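Asker: In full-length UniProt numbering, the protein residues as written are 1 to 305. C-beta atoms are modelled at their ideal positions from N, C-alpha and C, and glycine is treated no differently. Predicted model, so just to flag it, every value in this text is computed and none were measured. I'd like to ask some things about the structure below.
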Amino acid sequence: MGNKAAAKLRAQLAEEGIIVCPGVQDGLAARVCLQQGFKNLYMTGAGTAISLLGMPDLGLTTADDMVRNAGTIAGLDRSVPVIADADTGFGGPVMVARTVERYILAGVAGLHIEDQVTTKRCGHLLGKELVDTDTFVARIRAADAARRRLDDDIVLIARTDALQSYGFDEAIARLKAAVAAGADVAFLEGMNSVDEMGRAAKAMAPTPCLLNMVSGGVTPLVPAAQAQELGFKIAIWPCFAMTAAYLAYQKVAKELMETGAVAERTAEDGKTVVGGIREIFDLCGLEECAAFDKEMGGKSFANGV
């Protein structure tokens, strides 16, 4: 049947307008974004490390962690393309190819592979170490070979973190070498100004470029319309859901610690609990599960849910 999500993402890349991807770290964040009508999702690697391991983004997640989380998010709605972080590919060319194949089988529409060493770190931290250009290109070439072996359309995004250590010209040269090796989209991480953002998109044209918007990071935050004007085709906001969750958790944990209870919020009718357990179950498909069971002849929910 082919990778319908990847085909849809490729069609979006060919259309006018910019693709805005909210970053989601788990199924609940993905469900909320789907409820709000987003047409694409982005699985954040930093968020995966934080939500699954409770650890910082320092290359601590395994390929198993990343593939499992990507598959969970992609499986919630197969009509919505998911772009997923694939870090460095988790090894040499053989491992990179295996990683890409696993992302394909998980239903991912696109993924990005970077040029940091295997013990990588978040692109908005200092002290990043990079592999040489040949090693980076070998990763992209292996990724391309893997998708061709599976006859798949998954979109390959080449990310470089070379700007911080080697400067703009070297970073662009690496991205162009990656595109020549099979990458479909260019991703320059850690740009420091709006001017630099525009220069990067222009230097890589006509290759579509991805812009990474991280609150508290080194790159200035711009709205989607401005990102499009600067020449970008994809804008990801990888940490927005994770940040919102952190702030909400912190607030309610403080309330519980100080008062010994958490007050319920109710709707205007004064009765319906906002954010109650039933509302969250419904968001995640409770009624759909019960209806499917009944349609198939099951009786698990005959007495209601």
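1) Figure out for me which residue from G217, G2 and K128 has the closest Cα to the Cα of T88.
2) Quick one: what's got a C-beta closer than 8 Å to D287's C-beta in the same chain, skipping five residues either side?
3) Among L34, F38, T118 and A6, which residue has its Cα nearest to the Cα of D57?
4) Output the distance between the C-alpha atoms of R102 and A143, rounded to the nearest integer angstrom.
5) Please report the straight-line C-alpha distance between G298 and G107, rounded to a whole angstrom.
6) Would A171 and A200 be called neighbours here (beta carbons separated by less than 9 Å)?
7) Measure the alpha-carbon distance for F187 versus L130 and round it to whole angstroms.
8) Note down, in chain order, each residue of its chain lying with its Cβ closer than 8 Å to the Cβ of D153, except the 5 sequence neighbours on either side.
9) Do three or more CB pairs link the segment 45 to 62 to the segment 250 to 266 at distances below 8 Å?
10) Taking buried to mean at least 16 other C-beta atoms within 10 Å of its own C-beta, is R159 buried or exposed?
11) Given a threshold of 16 other Cβ atoms within 10 Å of its Cβ, counted over all protein chains shown, does I280 qualify as buried or as exposed?
12) G45 and P220 - do their beta-carbons sit closer together than 9 Å?
13) For N192 and K202, I'd like the C-alpha separation in whole angstroms.
14) Quick one: grab the DSSP three-state call for R78.
15) The beta strand (DSSP E) that contains F187, what's its start and end?
16) Any idea what DSSP makes of C284, helix, strand or coil?
17) Determine the direct distance from the alpha carbon of G110 to that of E15, and round the result to whole angstroms.
18) What does residue 308 pair with, by DSSP beta-bridge criteria?
19) Could you tell me whether the Cβ atoms of residue 342 and G190 are closer together than 9 Å?
20) Measuring CB to CB, does V185 end up less than 9 Å from I157?
21) Can you look up A84 in the DSSP assignment and give me helix, strand or coil?
22) With DSSP as the reference, identify every bridge partner of R159, one or two as the case may be.
23) Whose C-alpha, out of P208, G17 and C284, is nearest the C-alpha of A224?
24) Tell me whether M296 is buried or exposed, calling it buried when 16 or more other Cβ atoms sit within 10 Å of its Cβ.
25) Hey, quick one: how far does the alpha helix (DSSP H) through A97 stretch, first residue to last?
26) Enumerate, from N- to C-terminal direction, the unbroken beta strand (DSSP E) stretches of 3 or more residues contained entirely within the segment 222 to 292.
Answerer: According to the structure shown:
1) K128
2) What sits at residue 287 in the sequence shown is Glu, not Asp. V305, listed in sequence order.
3) T118
4) 11 Å
5) 28 Å
6) yes
7) 15 Å
8) G2, N3, A6, A7, R10 and R147
9) No, because fewer than three Cβ pairs between the segment 45 to 62 and the segment 250 to 266 fall closer than 8 Å, the two stretches do not touch.
10) buried
11) exposed
12) no
13) 16 Å
14) coil
15) V185 to L188
16) coil
17) If I take the Cα positions, the gap works out to 17 Å.
18) Because residue 308 is not part of the residues shown, which for the chain are 1 to 305, the question remains open.
19) Residue 342 cannot be examined here, being either before or after the span of the chain that is shown, 1 to 305.
20) yes
21) DSSP places A84 in strand when its eight states are reduced to three.
22) E114 and F187
23) G17
24) exposed
25) P93 to L105
26) 234 to 237
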